[in-house]
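Numbering (the UniProt record's numbering), first residue to last: 1 to 156.
Given below as structure tokens:
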């Protein structure tokens, strides 16, 4: 365990506890990784990894309790990025209330922005984060600016 943080919270009406731990993952300078370990009702454990790029100092002055502020600061400072999430064998079914399909028209974007979207989708396909499908449901892709408007992020 990295950082010394381990919490166990019991969910209402469930016997297995849900736990979260910060795990080392070969961090390099400036990289941060948070891993959350969960237990299923069958007792099987699995991990979720969250990655982000933190390039500036975080203001934690809004946290009044000094101990909690130090814990949050340690979590942020030990956070590592660019770690590919491990696959979990979780299957999800979405149960709909009716048979109405939802499909929205694509938003207009410039040629330069279209290249950014195409490159990101190719990367997601290559890393098997996305797969091709032919669904009746569709939502537009939105480009947002991140990090002082120097980087575009693709949101689906």
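C-beta atoms are modelled at their ideal positions from N, C-alpha and C, and glycine is treated no differently.
8 angstroms contact criterion, which residue i and residue j should meet: CB distance rounded
| i | j | result |
| --- | --- | --- |
| residue 157 | residue 136 | No statement about residue 157 is possible, as the shown extent of the chain runs from 1 to 156 and does not include it. |
Residues sharing a beta bridge with residue i, DSSP
| i | result |
| --- | --- |
| residue 103 | 138 |
| residue 145 | 152 |
Candidates the options: closest to residue i by CA position
| i | options | result |
| --- | --- | --- |
| residue 88 | 129, 133 and 148 | 129 |
| residue 134 | 124, 62, 101 and 149 | 101 |
| residue 139 | 124, 105 and 120 | 105 |
| residue 143 | 97, 94, 132 and 121 | 121 |
The region 141–154 contacting the region 111–119, beta-carbon criterion three pairs below 8 angstroms: yes
Contact the region 60–75 vs the region 93–113: 3+ CB pairs below 8 angstroms: no
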